[in-house]
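Reviewing the structure listed below.
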Amino acid sequence: WRHRKKDGSIIFVEITSHTITFKGRRAEVVLANNVTDRRRTEERMAKLTECFLDFGTDPLLNINRLTAVCGELMGAATALYNRLDGGMLCTLGQWNIPPDFKTVDKPEGHICNDMISRSKDEVLVIRNLHKTGYAHTDPNVKAYGLKTYIGKAVKFSNEYVGSLCAVYKEDFVPGESDLRFMRIIASAIG
Numbered sequence: 027w028r029h030r031k032k033d034g035s036i037i038f039v040e041i042t043s044h045t046i047t048f049k050g051r052r053a054e055v056v057l058a059n060n061v062t063d064r065r066r067t068e069e070r071m072a073k074l075t076e077c078f079l080d081f082g083t084d085p086l087l088n089i090n091r092l093t094a095v096c097g098e099l100m101g102a103a104t105a106l107y108n109r110l111d112g113g114m115l116c117t118l119g120q121w122n123i124p125p126d127f128k129t130v131d132k133p134e135g136h137i138c139n140d141m142i143s144r145s146k147d148e149v150l151v152i153r154n155l156h157k158t159g160y161a162h163t164d165p166n167v168k169a170y171g172l173k174t175y176i177g178k179a180v181k182f183s184n185e186y187v188g189s190l191c192a193v194y195k196e197d198f199v200p201g202e203s204d205l206r207f208m209r210i211i212a213s214a215i216g
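Here the sequence shown is numbered in our numbering, starting from 27 and rising by one per residue.
And the structure:
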């Protein structure tokens with residue numbers, strides 16, 4: 027059942043109802059359980075499965091499909107998969123990028139470059155980007171009014187080769203299911 031909360035957001039609720047008899051009196055017991063995360067995970071996995079089934083032999087096309095699924099299902103403003111190539115940061119996977127976005131740039135100062143060089147398995151969440159050092163070093167933060175970055179280093183053959191990110195123009199606090207989804211997509215790209 028869909029339920030609209032007072033703040034206007036929609037949640038999914040599972041309702042269970044039982045009739046009980048106690049001392050000769052009947053009563054209805056109703057339990058409501060918020061299953062929004064479970065529902066979101068099921069929808070995401072169905073879309074991801076559909077994406078996998080559409081895979082072809084072109085790895086860049088497959089990476090773009092995965093990046094698009096990431097951006098769409100994370101509700102991001104933009105999603106990117108970046109790699110270092112010939113000393114430059116190259117965007118190989120992209121979804122919903124601005125028309126003037128530079129797909130090849132010097133890597134210094136970019137959050138995605140730092141994700142690759144950090145070589146860690148956890149998902150990185152940076153909120154309030156405009157208040158961090160990246161507001162001055164990453165040219166995309168100010169240019170596009172970015173507020174939240176969620177990124178995951180991508181590993182291939184035990185080597186970190188790229189980074190997947192979803193960026194937002196508003197403050198976004200990811201839930202555990204969001205972080206798990208980022209790990210799945212990054213692993214699939216790897």
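The beta carbon of each residue, even a glycine, is placed where N, CA and C say it ideally should be.
Computed from a predicted structure; not experimentally measured.
Q) Hey, would you say residue 152 sits closer than 9 Å to residue 170, going by beta carbons? A) As a working note, residue 152 is residue 126 in the sequence shown. As a working note, residue 170 is residue 144 in the sequence shown. Their beta carbons are not under 9 Å apart, which means residue 152 does not touch residue 170 by this criterion.
Q | Residue of 99, 101, 145, 172 minimising C-alpha distance to residue 158 | A | In the sequence shown, the residue the question calls residue 158 occupies position 132. Per the Cα distances, 172.
Q | Cβ-based burial, residue 161 [other Cβ within 10 Å; buried from 16] | A | As a first step, residue 161 is located in the sequence shown; it is residue number 135 there, counting from the start. Exposed, since its Cβ has fewer than 16 Cβ neighbours within 10 Å.
Q. In angstroms, rounded to a whole number, what distance separates the CA positions of residue 210 and residue 42?
A. Position 184 of the sequence shown, counted from the start, is the residue given in the question as residue 210. Position 16 of the sequence shown, counted from the start, is the residue given in the question as residue 42. Approximately 32 Å between the Cα atoms of the pair.
Q: Let me know the beta strand (DSSP E) ranges lying completely inside the stretch 138-176, each 3 residues or longer, listed in chain order.
A: Within the stretch 138-176, the complete beta strand (DSSP E) runs of at least 3 residues are 150-152.
Q.
Tell me which residue opens and which closes the alpha helix (DSSP H) that residue 88 is part of.
A. Taking the first residue of the sequence shown as position 1, residue 88 is located at position 62. 85-100 is the extent of the alpha helix (DSSP H) around residue 88.
Q: Measure from the alpha carbon of residue 112 to the alpha carbon of each residue in 127, 133, 206, then state which is nearest.
A: In the sequence shown, residue 112 corresponds to position 86, counting from 1. Here the closest residue by C-alpha is 133.
(Q) Measuring CB atoms only, is the stretch 42-62 touching the stretch 185-200, in the sense that at least three cross pairs come out at less than 8 Å? (A) At 8 Å Cβ cutoff, the stretches do not touch.
Q: Along the beta strand (DSSP E) that carries residue 134, what are the first and last residues, could you check?
A: Start at 1 with the first residue of the sequence shown, and residue 134 comes out as number 108. Counting along the chain, residue 134 falls outside any beta strand (DSSP E), and DSSP gives it neither H nor E.
Q: Tell whether a beta-carbon distance below 9 Å holds between residue 130 and residue 114.
A: Position 104 of the sequence shown, counted from the first residue, corresponds to residue 130. Position 88 of the sequence shown, counted from the first residue, corresponds to residue 114. Taking the C-beta atoms as reference points, residue 114 is found nearer than 9 Å to residue 130.
(Q) Suppose the cutoff is 7 Å on Cβ atoms and the five residues either side in sequence are ignored; what does the same chain contact list for residue 80 look like? (A) On the sequence shown, position 54 is the one that residue 80 refers to. Result list for residue 80: 91, in chain order.
Q.
How far does the alpha helix (DSSP H) with residue 217 in it extend, from its first residue to its last?
A. Nothing about residue 217 can be reported from this structure: the residues present for the chain run from 27 to 216 only.
**Q.** Sequence-distant residues of the same chain with beta carbon closer than 8 Å to residue 78, five excluded per side
**A.** Translated into positions along the sequence shown, residue 78 becomes position 52. Here the set comprises 214.
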